[in-house]
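Working notes, beginning with the structure itself.
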Amino acid sequence: MNDEQFRRLAAYGQAEHAVPGRDLFTTGDRSYDLFLLETAAVEIVRDQRVIFRAGPGDFLGELGLLTGQHVYLTGRVISAGTVIRLGAANLRRALAEHADLADLLIEAFRQRREVIRTTAGTALRLVGRPDTALALRTYLAQLLLPHAWQETYPGLTPDDLPAAVIDRTVLRRATPGAVAEALGLTYRPDDREVDLVVVGAGPAGLAAAVYAASEGLSTVLLDRGGIGGQAAKTARIENHLGFSHGISGDELTRLAMLRALKFNVRIHSPCTATALDLTDPHRPTVQLDGGARIRCRAVIAATGANYRRLDIPGWAAFERAGCIRYAATEPDVRDYANQPVTVLGGANSAGQAALSLAAHNATVDLIVRGTRVGARMSTYLVDRIRAHPLIRLHLGSTVDALIGGDTLSGVVMSRAETLDSRALFCFIGATPETSWLTGVATDDNGFLRTPGPLPFQTSTPRVFAVGDLRAGSTKRVATAVGDGAGAVSSVHTALAARLPTPAT
Numbered sequence: 421m422n423d424e425q426f427r428r429l430a431a432y433g434q435a436e437h438a439v440p441g442r443d444l445f446t447t448g449d450r451s452y453d454l455f456l457l458e459t460a461a462v463e464i465v466r467d468q469r470v471i472f473r474a475g476p477g478d479f480l481g482e483l484g485l486l487t488g489q490h491v492y493l494t495g496r497v498i499s500a501g502t503v504i505r506l507g508a509a510n511l512r513r514a515l516a517e518h519a520d521l522a523d524l525l526i527e528a529f530r531q532r533r534e535v536i537r538t539t540a541g542t543a544l545r546l547v548g549r550p551d552t553a554l555a556l557r558t559y560l561a562q563l564l565l566p567h568a569w570q571e572t573y574p575g576l577t578p579d580d581l582p583a584a585v586i587d588r589t590v591l592r593r594a595t596p597g598a599v600a601e602a603l604g605l606t607y608r609p610d611d612r613e614v615d616l617v618v619v620g621a622g623p624a625g626l627a628a629a630v631y632a633a634s635e636g637l638s639t640v641l642l643d644r645g646g647i648g649g650q651a652a653k654t655a656r657i658e659n660h661l662g663f664s665h666g667i668s669g670d671e672l673t674r675l676a677m678l679r680a681l682k683f684n685v686r687i688h689s690p691c692t693a694t695a696l697d698l699t700d701p702h703r704p705t706v707q708l709d710g711g712a713r714i715r716c717r718a719v720i721a722a723t724g725a726n727y728r729r730l731d732i733p734g735w736a737a738f739e740r741a742g743c744i745r746y747a748a749t750e751p752d753v754r755d756y757a758n759q760p761v762t763v764l765g766g767a768n769s770a771g772q773a774a775l776s777l778a779a780h781n782a783t784v785d786l787i788v789r790g791t792r793v794g795a796r797m798s799t800y801l802v803d804r805i806r807a808h809p810l811i812r813l814h815l816g817s818t819v820d821a822l823i824g825g826d827t828l829s830g831v832v833m834s835r836a837e838t839l840d841s842r843a844l845f846c847f848i849g850a851t852p853e854t855s856w857l858t859g860v861a862t863d864d865n866g867f868l869r870t871p872g873p874l875p876f877q878t879s880t881p882r883v884f885a886v887g888d889l890r891a892g893s894t895k896r897v898a899t900a901v902g903d904g905a906g907a908v909s910s911v912h913t914a915l916a917a918r919l920p921t922p923a924t
């Protein structure tokens with residue numbers, strides 16, 4: 421940050437004199453402010469270990485300023501001088517009014533979070549084996565949360581695992597929801613008005629939140645699991661515009677999340693919507709698990725779909741053991757490098773998973789129920805799969821049985837052929853997640869109908885559907901992003917005028 425930018429940002433804050441030994445913020449605080457160091461010097465400390473030293477001209481802050489996460493570092497003054505304090509509201513105003521400052525701060529916050537993830541992992545310690553806590557591991561990675569794994573912790577038994585240790589508080593059988601609540605990342609009601617609630621943080625929901633917030637709508641983004649939806653679980657997206665070398669789903673998710681934070685989207689995850697109260701058609705209310713309610717002016721439903729599972733013996737047990745996966749992210753693939761695996765499915769996600777696993781020297785059996793692999797898979801993937809020496813293609817087949825004890829050892833195909841396999845990566849589609857959308861019309865398959873008159877508008881005037889949840893949608897990342905952006909335009913129109921009730 422140059423001198424001119426420093427002065428411009430300082431105009432949003434208030435000067436204070438800081439003496440040596442004063443803590444500007446402390447581990448365990450519920451929130452903290454951004455500080456500009458005019459003449460003071462500060463150490464950032466974790467467990468009595470100095471993580472970073474900052475002097476005049478520097479600023480203190482990282483992603484927690486924008487996510488609302490509880491403080492896990494201490495900022496201690498080591499040299500007396502003047503600091504400029506920017507509270508949350510003034511920081512948000514500065515980000516909104518100065519694009520260059522917003523870009524500089526967001527990038528600095530991201531880089532600092534990466535440093536903290538490697539130097540201050542003890543802020544959140546996970547106990548157990550990472551390969552047996554896939555949901556927790558994925559959640560922490562998606563939200564860039566600093567953490568470290570260890571196999572044991574005093575007083576914990578195998579039945580307590582996975583566990584989380586947060587500032588000496590121990591969470592037994594830890595889930596993403598329990599960790600999020602302890603870190604301050606779950607939804608906390610306040611007195612701020614909400615224009616738009618976006619439920620579901622896949623590509624469609626993220627795009628909707630970014631466009632809405634950037635266009636002045638007070639926006640809350642909720643997701644019951646993590647950020648990124650099914651796209652975050654994709655090993656590589658090679659046909660998305662703007663990325664000449666392709667991009668992984670989790671990296672695309674991180675970039676979108678940073679854009680959302682820049683525009684003051686309030687992101688809460690895990691946070692499950694359980695019902696939609698439409699008593700007042702102009703003020704829909706989203707009800708959350710736990711009883712909290714968010715009254716707003718419009719809702720965009722982007723909850724996507726749930727993964728389909730096969731109804732065969734042992735499926736649930738092998739899933740709990742981590743041997744059945746519904747994603748091929750870097751951690752998933754790394755877990756089964758150099759091992760025999762099975763991929764089930766005939767669309768792009770299955771093809772991308774097979775190639776990613778083979779790139780890590782796994783031997784891959786790709787099972788496709790149809791008789792033509794190119795029916796639902798892009799040509800470039802089909803060509804690479806057929807040419808890869810580590811991938812065997814099985815057409816016109818499916819999985820009939822699973823073999824193994826505590827972990828998977830083999831897969832039996834419908835032709836009674838047994839495949840050596842340590843993991844099954846399953847990509848056989850999904851069913852729409854509409855259980856919370858009481859009173860909104862669906863088609864015969866359970867997907868939300870969007871009869872208009874506005875694009876993406878459901879049978880309820882102030883409720884819009886985007887992404888995989890919408891009947892007739894194209895299941896592609898770029899299409900989902902377009903849905904999210906387009907729905908925001910319709911939201912603006914709906915909020916500006918009283919419209920006739922959509923046809924049912």
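Here this note's numbering is used: the first residue of the sequence shown is 421, the next is one more, and so on. Just so you know, even glycine gets a beta-carbon here, dropped at the ideal spot from N, CA and C.
Buried or exposed by the 16-neighbour rule on C-beta atoms within 10 Å, applied to Ala-807: Start at 1 with the first residue of the sequence shown, and residue 807 comes out as number 387. It counts as exposed.
Exercise for the section: Name the residue from Thr-494, Gln-468 and Asp-453 whose alpha carbon lies nearest to the alpha carbon of Leu-486. Expected result: Residue numbering aside, residue 486 sits at position 66 when the sequence shown is read from its first letter. Of the listed residues, the one whose Cα sits closest to Leu-486 is Asp-453.
* Buried versus exposed, by CB contacts within 10 Å (16 or more), Glu-482 -> For the purposes of this step, residue 482 is identified with residue 62 of the sequence shown, where counting begins at 1. Glu-482 should be labelled buried.
> Quick one: what's Gln-434 bridged to in DSSP?
Replying inline: The residue given as residue 434 occupies position 14 in the sequence shown. Bridge pairing for Gln-434: Arg-505 [DSSP].
**Study point:** At least 3 beta-carbon pairs within less than 8 Å: the stretch 627–638 vs the stretch 596–608
**Key:** The answer is no - the stretch 596–608 does not touch the stretch 627–638, with fewer than three Cβ pairs under 8 Å.
| message | Once DSSP output is grouped into helix, strand and coil, what is the label at Gln-489? | response | By one-based count along the sequence shown, residue 489 stands at place 69. In this structure, Gln-489 counts as coil in the three-state DSSP scheme.
- Task: Along the beta strand (DSSP E) that carries Gly-824, what are the first and last residues, could you check?
- Result: For the purposes of this step, residue 824 is taken as residue 404 along the sequence shown, with counting starting at 1. That run of the beta strand (DSSP E) goes 819–824.
Is it buried or exposed for Gly-441, if we count other Cβ within 10 angstroms and need 16 for buried? Position 21 of the sequence shown, counted from the first residue, corresponds to residue 441. Looking at its Cβ environment, which holds fewer than 16 other Cβ atoms inside 10 Å, Gly-441 is exposed.
#### Entry: Check whether Gly-765 and Cys-691 have beta carbons under 8 Å apart
Here residue 765 is taken as the residue at index 345 of the sequence shown, counted from 1. Here residue 691 is taken as the residue at index 271 of the sequence shown, counted from 1. Against a cut-off of 8 Å, the Cβ pair of Cys-691 and Gly-765 comes out as no contact.
Reduced DSSP secondary structure (H/G/I, E/B, other) of Val-793 | Translated into positions along the sequence shown, residue 793 becomes position 373. Val-793: helix per DSSP, three-state reduction.
At a cut of 8 Å, does the stretch 496–507 reach the stretch 459–472 through at least three beta carbon pairs? Three or more pairs of CB atoms, one per stretch, sit closer than 8 Å, so the stretch 496–507 contacts the stretch 459–472.
**Prompt:** When the Cα atoms are used, what is the spatial distance from Asp-423 to Gly-477?
**Reply:** The residue you call residue 423 lines up with position 3 of the sequence shown. The residue you call residue 477 lines up with position 57 of the sequence shown. Cα-Cα distance, rounded: 8 Å.
| Residues in its own chain within less than 6 Å of Gly-849 by CB, not counting five upstream and five downstream? | If you number the sequence shown from 1, residue 849 lands on position 429. Taking Gly-849 as the centre and dropping the five residues before and after it, the same chain places the C-beta of Arg-728 closer than 6 Å to its C-beta, in chain order.
*Ala-787: buried (16+ other C-beta within 10 angstroms of its C-beta) or exposed?*
Walking along the sequence shown from the start, residue 787 turns up at place 367. Contrary to the premise, residue 787 reads as Ile rather than Ala in this sequence. Buried, since its Cβ has 16 or more Cβ neighbours within 10 Å.
Determine the burial state of Gly-433: buried for a count of at least 16 other Cβ atoms within 10 Å of its Cβ, exposed for fewer. The residue given as residue 433 occupies position 13 in the sequence shown. Counting of Cβ neighbours within 10 angstroms places Gly-433 among the buried residues, the total reaching 16 or more.
Q) Quick one: complete alpha helix (DSSP H) runs, 4+ long, within the stretch 738–817? A) Listed in chain order, they are 750–755, 768–779 and 799–807.
_Straight-line gap, Ile-647 to Thr-749 (C-alpha atoms, nearest Å)_ = Along the sequence shown, one-based indexing puts residue 647 at 227. Along the sequence shown, one-based indexing puts residue 749 at 329. Near 13 Å, if we compare the C-alpha coordinates of Thr-749 and Ile-647.
Residue range of the unbroken beta strand (DSSP E) whose run includes Gly-495:
Position 75 of the sequence shown, counting from 1, holds the residue named residue 495. Gly-495 -> beta strand (DSSP E) spans 494–499.
Problem - Straight-line gap, Phe-472 to Ala-621 (C-alpha atoms, nearest Å) - result: Stepping through the sequence shown from its first residue, residue 472 is reached at position 52. Stepping through the sequence shown from its first residue, residue 621 is reached at position 201. Each residue's Cα considered, the two are about 33 Å apart.
Pick out whichever of Arg-812, Gly-887, Thr-858 and Gly-724 has its Cα sitting closest to the Cα of Thr-851. Within the sequence shown, the letter at position 431 stands for residue 851. Per the C-alpha coordinates, the member of Arg-812, Gly-887, Thr-858 and Gly-724 positioned closest to Thr-851 is Gly-724.
What does a CB cutoff of less than 6 Å around Thr-827 pick up in its chain, not counting 5 residues either side in sequence?
As a working mapping, residue 827 is identified with position 407 in the sequence shown. Its chain contains Ala-741 and Cys-743 as the residues whose beta carbon lies nearer than 6 Å to that of Thr-827, once the 5 sequence neighbours on both sides are disregarded; these appear in chain order.
From Thr-791, Val-802, Gly-887 and Val-793, pick the residue whose C-alpha is nearest to that of Leu-775; which is it? Looking up residue 775 in the sequence shown gives position 355. It is Val-802.
- prompt: Candidates Arg-644, Ser-798, Ile-811 and Ser-829: which alpha carbon is nearest Gly-734's?
  reply: Your numbering for residue 734 matches position 314 in the sequence shown. Of the candidates Arg-644, Ser-798, Ile-811 and Ser-829, the residue whose Cα lies closest to the Cα of Gly-734 is Ser-829.
(request) Could you check the C-alpha separation between Arg-842 and Thr-654 for me, to the nearest Å? (result) Looking up residue 842 in the sequence shown gives position 422. Looking up residue 654 in the sequence shown gives position 234. Approximately 20 Å between the Cα atoms of the pair.
- Query: In chain order, which continuous runs of the beta strand (DSSP E) of length 3 or greater are located wholly inside the stretch 699–733?
  - Reply: Considered as a whole, the stretch 699–733 harbours 705–708, 713–715, 718–721 and 725–727 as its complete beta strand (DSSP E) runs of no fewer than 3 residues, in chain order.
Practice prompt. Kindly identify the DSSP beta-bridge partner or partners of Phe-845.
Written response: One-based indexing of the sequence shown puts residue 845 at position 425. Checking the DSSP bridge columns, you'll see Phe-845 partnered with Arg-745 and Val-763.
Which residue from Ala-757, Ala-836, Met-833 and Trp-856 puts its Cα closest to that of Leu-810? Residue numbering aside, residue 810 sits at position 390 when the sequence shown is read from its first letter. Looking at the Cα atoms, Ala-757 is the closest of the given residues.
- Query: What do you reckon, are the CB atoms on Ala-598 and Val-590 nearer than 8 Å?
  - Reply: On the sequence shown, residue 598 is found 178 positions in, with the first residue counted as 1. On the sequence shown, residue 590 is found 170 positions in, with the first residue counted as 1. Against a cut-off of 8 Å, the Cβ pair of Val-590 and Ala-598 comes out as no contact.
Q. Are Trp-856 and Ala-693 touching if we call contact CB-CB under 8 Å?
A. On the sequence shown, residue 856 is found 436 positions in, with the first residue counted as 1. On the sequence shown, residue 693 is found 273 positions in, with the first residue counted as 1. Yes; because the gap between Cβ atoms is below 8 Å, this pair is in contact.
Report task. Would you kindly check if the distance between the Cβ of Gln-772 and the Cβ of Arg-896 is under 8 Å? Result -> As a first step, residue 896 must be located in the sequence shown, where it is residue number 476. As a first step, residue 772 must be located in the sequence shown, where it is residue number 352. Not a contact, by the Cβ cut-off of 8 Å.
* State the CB to CB distance for the pair Ala-600 and Pro-566, rounded to an integer number of angstroms; the pair is presumed to be in contact (CB under 8 Å). => The count along the sequence shown starts at 1 and reaches residue 600 at position 180. The count along the sequence shown starts at 1 and reaches residue 566 at position 146. Wrong, their Cβ atoms sit about 14 Å apart, outside the cutoff.
_So, for Leu-435: in the same chain, excluding its five sequence neighbours on each side, which residues have a beta-carbon less than 6 Å away from its beta-carbon?_
Residue mapping note: residue 435 aligns to position 15 of the sequence shown, counting from 1. Checking the sequence, you will find Ala at residue 435 rather than Leu. Apart from sequence neighbours up to five positions away, the residues of its chain that approach Ala-435 with a beta-carbon distance below 6 Å are Thr-502 and Ile-504, ordered along the chain.
**Prompt:** Hey, would you say Glu-853 sits closer than 8 Å to Leu-889, going by beta carbons?
**Reply:** Indexing the sequence shown from 1 puts residue 853 at position 433. Indexing the sequence shown from 1 puts residue 889 at position 469. For Glu-853 and Leu-889, yes; Cβs fall inside 8 Å.
(Q) For Ala-438 and Thr-538, I'd like the C-alpha separation in whole angstroms. (A) Working through the sequence shown from its first residue, we reach residue 438 at position 18. Working through the sequence shown from its first residue, we reach residue 538 at position 118. For Ala-438 and Thr-538, the distance between alpha carbons rounds to 29 Å.
**Q.** beta strand (DSSP E) segments (min. 3 residues) lying fully within the stretch 589–642
**A.** Runs found: 589–591, 616–619 and 639–642.
**Q.** Strand pairing of Asp-840, partner residues [DSSP]
**A.** One-based indexing of the sequence shown puts residue 840 at position 420. Paired residues: Gly-830.
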